[in-house]
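The next block holds one structure in the form of structure tokens; read it before the comments.
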Amino acid sequence: MAISRNKRILFSIIIIVILMTLAEVIARLVPGTKQVVPAGISRFDPLLGWSLKPASHASGWVGDHKVDYRINSKGLRDNEIEYKKPPGTYRIVVVGDSNTFGFGVPIEKHFTYLLEGYFRQVDVINMGVNAYGIDQELLFLRIEGFRYEPDLVMAYIPHYGDHRHMHSNRFGMNKPLFIRNDGKLVLTNSPVTDDIEIATSKSIVRKIHWWLVRRSQVYKIIRNGAIYMKNRGAHLSQSNNEFNKKPIINTADTKQDVFVRELNALGEELVYEMHKESALHKAEFVLVTMIDKLHEEAIRHNINSLHVAAPLHNKKYDLPGNLAHINESGNGVLSYEIARYLIENSLIPQNHLLKR
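Sequential numbering of the sequence shown, starting at 152, is according to the numbering used here.
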């Protein structure tokens with residue numbers, strides 16, 4: 152009887168392994184399941200929530216096109232760059248989310264790389280990180296950006312995707328959060344703890360988790376589905392709790408109205424803070440955005456702002472597969488629009504302009 156039971160257990164294990172292997176093969180072959188940006192180039196970061204893993208390299212896919220992502224020793228998708236600025240060099244630091252990072256686009260066809268070609272002896276440093284909110288961009292600028300001694304700081308904020316700067320948890324990962332209090336920005340949820348389901352586990356479980364994240368498509372599909380359901384429930388609960396606490400003076404206002412007002416107000420305050428801190432570091436500041444209200448408020452506060460919604464409003468600039476990011480052609484247009492704006496507003500010194 153014992154032998155029979157052992158055989159049944161062994162047979163069950165073999166069947167499970169075969170089914171899992173088959174599921175993994177199917178998951179890798181089904182269109183749309185390949186990652187555009189591999190998880191292996193990211194890491195947990197107690198100050199930022201997550202960041203790019205220094206000296207990492209992985210490849211993703213946009214349709215049938217392979218895209219390489221190489222992260223330098225300082226955790227940027229850029230060439231190796233020293234903090235100390237070389238004599239005679241003009242430096243631009245660009246902070247942003249996946250659009251600045253270069254989601255689905257080869258780095259040599261990304262707007263930060265192309266922008267350098269319009270000038271001479273100008274470094275354009277790509278500090279974009281996938282899924283960052285404006286709050287994380289401000290913190291990254293403080294922690295790393297100013298170390299590069301920039302002459303100009305640029306924030307590319309095309310949208311308020313996923314309301315990231317309004318939450319302390321996005322995509323199943325904890326992150327820092329700024330709140331507005333008496334006209335000041337107050338940092339909360341910092342330092343950040345590792346995501347709950349992993350932080351409470353033993354290190355061996357954590358290692359197995361990340362090993363599977365990097366190597367198993369089936370595991371990533373299951374994990375992403377669980378994160379989506381968890382975030383969806385948490386978002387609805389958090390929204391109800393937060394708005395029930397806030398008095399609504401105008402009874403015609405809905406909870407959505409209040410949320411949108413706070414979303415805009417906090418986003419604007421974070422941009423004002425970037426502008427102020429750039430000035431303290433003797434650097435110019437430029438906002439590049441597609442958000443009408445953010446652009447208008449920046450102009451009203453005498454902040455350099457470039458609105459790029461019109462030049463990028465072209466379906467031919469979209470990455471295939473409804474990925475909500477611009478392709479290589481769109482990046483080329485964006486780099487041209489930025490270069491034109493910088494030149495027209497005398498933000499690049501004459502000695503760094505190319506002779507025509």
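The beta carbon of each residue, even a glycine, is placed where N, CA and C say it ideally should be.
- [ ] Give the single residue among E267, H314, G211 and D345 whose Cα lies nearest to the Cα of R194.
- [x] In the sequence shown, the residue the question calls residue 194 occupies position 43. Of the candidates E267, H314, G211 and D345, D345 places its Cα closest to the Cα of R194.
- [ ] Kindly indicate which residue of E424, G312, T172 and Y241 has the alpha-carbon position closest to the one of P301.
- [x] Within the sequence shown, numbered from 1, the residue matching residue 301 stands at position 150. Of the residues E424, G312, T172 and Y241, the one whose Cα lies closest to the Cα of P301 is Y241.
Open item on the list: Beta-carbon within less than 7 Å of Y307's beta-carbon, same chain only, minus the 5 sequence neighbours each way: which residues are those?
Closed with: Your numbering for residue 307 matches position 156 in the sequence shown. Apart from sequence neighbours up to five positions away, the residues of its chain that approach Y307 with a beta-carbon distance below 7 Å are V245, G247, N250, T251 and V439, ordered along the chain.
Task: Uninterrupted alpha helix (DSSP H) stretches inside the stretch 479 to 506 (no shorter than 4 residues) - done: Qualifying alpha helix (DSSP H) stretches, in chain order: 479 to 495.
Task: Range of the contiguous beta strand (DSSP E) that encloses Y264 - done: As a first step, residue 264 is located in the sequence shown; it is residue number 113 there, counting from the start. First-last for Y264: F262 to E267, but that is the alpha helix (DSSP H), not the beta strand (DSSP E).
Open item on the list: Just to confirm my understanding: we take S210, look at its own chain, exclude 5 residues before and 5 after, and list those with CB closer than 6 Å. What are they?
Closed with: Counted from its first residue, the sequence shown places residue 210 at position 59. Counting only Cβ-Cβ distances below 6 Å, and skipping sequence neighbours, we find K217 and D219.
Task: Three-state secondary structure assigned by DSSP to V459 - done: If you number the sequence shown from 1, residue 459 lands on position 308. When DSSP states are grouped into helix, strand and coil, V459 belongs to the coil group.
Open item on the list: Less than 8 Å between the C-beta atoms of Y147 and G418, yes or no?
Closed with: This structure cannot settle anything about residue 147, because the visible part of the chain is limited to 152 through 507.
Open item on the list: If contacts are defined as beta-carbon pairs under 8 Å, then E267 and V275 qualify, I think. What distance do you get, rounded to the angstrom?
Closed with: To locate residue 267, count along the sequence shown from 1; it is residue 116. To locate residue 275, count along the sequence shown from 1; it is residue 124. Contact between E267 and V275 holds, with the beta-carbon distance rounding to 5 Å and staying under 8 Å.
- [ ] Would you list the residues sitting across from Y220 in a DSSP beta bridge?
- [x] For this step, residue 220 is matched to residue 69 along the sequence shown. Under the DSSP definition of a beta bridge, Y220 partners with A209.
Task: Cutoff 7 Å; reference H476; Cβ partners in own chain excluding five residues on either side - done: Here the question's residue 476 lines up with position 325 in the sequence shown. In chain order, S249, N250, F254, G255 and L470 place their CB closer than 7 Å to the CB of H476, counting only its own chain and leaving out the 5 sequence neighbours on each side.
Open item on the list: Rounding to the nearest angstrom, what Cα-Cα distance links G200 and G191 in this structure?
Closed with: In the sequence shown, the residue the question calls residue 200 occupies position 49. In the sequence shown, the residue the question calls residue 191 occupies position 40. Going from the Cα of G200 to the Cα of G191 covers about 16 Å.
- [ ] Taking 8 Å as the cut-off, decide whether the C-beta atoms of K326 and V343 are in contact.
- [x] Locating residue 326 in the sequence shown gives position 175, where the first residue counts as 1. Locating residue 343 in the sequence shown gives position 192, where the first residue counts as 1. In contact: K326 and V343 (Cβ atoms closer than 8 Å).
- [ ] Taking only the alpha-carbon atoms, compute the straight-line gap between Q407 and R228 and give it to the nearest angstrom.
- [x] The sequence position of residue 407 within the sequence shown is 256, counting from 1. The sequence position of residue 228 within the sequence shown is 77, counting from 1. Q407 and R228 have their alpha carbons spaced roughly 36 Å apart.
Task: Whole-Å CB distance - Y269 paired with L505, under 8 Å assumed - done: For the purposes of this step, residue 269 is taken as the residue at position 118 of the sequence shown. For the purposes of this step, residue 505 is taken as the residue at position 354 of the sequence shown. About 7 Å separates the two Cβ atoms, so the contact holds.
Open item on the list: Suppose you measure from the CA of R315 to the CA of F329; what does that come to, to the nearest Å?
Closed with: Here residue 315 refers to the residue found at position 164 of the sequence shown. Here residue 329 refers to the residue found at position 178 of the sequence shown. If I take the Cα positions, the gap works out to 11 Å.
Task: Classification of A461 by the beta-carbon crowding that lies within 10 angstroms, buried from 16 upward - done: On the sequence shown, residue 461 is found 310 positions in, with the first residue counted as 1. A461 should be labelled exposed.
Task: Sub-8 Å separation of S486 and K467 beta-carbons - done: Position 335 of the sequence shown, counted from the start, is the residue given in the question as residue 486. Position 316 of the sequence shown, counted from the start, is the residue given in the question as residue 467. No, these two residues do not count as a Cβ contact at 8 Å.
- [ ] Name the two residues that bound the continuous alpha helix (DSSP H) containing G418.
- [x] Looking up residue 418 in the sequence shown gives position 267. Start and end: K406 to L431.
Task: Residues near V437 in its chain [Cβ-Cβ closer than 6 Å; skip 5 each side] - done: Position 286 of the sequence shown, counted from the start, is the residue given in the question as residue 437. Apart from the 5 residues on each side of it in sequence, V437 sits with its Cβ closer than 6 Å to the Cβ of M305 and N455 in its chain, given in chain order.
Task: Length of the line joining the Cα atoms of T339 and Y492 - done: Here residue 339 corresponds to residue number 188 of the sequence shown, with the count starting at 1. Here residue 492 corresponds to residue number 341 of the sequence shown, with the count starting at 1. In a straight line, the C-alpha of T339 is about 36 Å away from that of Y492.
- [ ] Count the other C-beta atoms from every protein chain shown that fall within 10 angstroms of the C-beta of S429, then say buried if there are 16 or more, exposed otherwise.
- [x] In the sequence shown, counting from the first residue as 1, residue 429 sits at position 278. By the beta-carbon neighbour count (other beta carbons within 10 angstroms, threshold 16), S429 is buried.
Open item on the list: Taking only three categories from DSSP, how would you classify A385?
Closed with: Reading the sequence shown from its first residue, position 234 is the one you call residue 385. Unreliable positioning characterises A385 in this predicted model, as indicated by a pLDDT of 42, which lies under 50. The coordinate reading is nonetheless provided below. Correct three-state label for A385: helix.
Task: Under 8 Å between C-beta atoms of H446 and H464 - done: Taking the sequence shown and counting its residues from 1, one reaches residue 446 at position 295. Taking the sequence shown and counting its residues from 1, one reaches residue 464 at position 313. Taking 8 Å as the Cβ cut-off, H446 and H464 do not qualify as a contacting pair.
Open item on the list: In whole angstroms, give me the CA-to-CA distance for T172 and V422.
Closed with: In the sequence shown, residue 172 corresponds to position 21, counting from 1. In the sequence shown, residue 422 corresponds to position 271, counting from 1. Inter-residue distance for T172 and V422 is about 48 Å (C-alpha atoms, whole angstroms).
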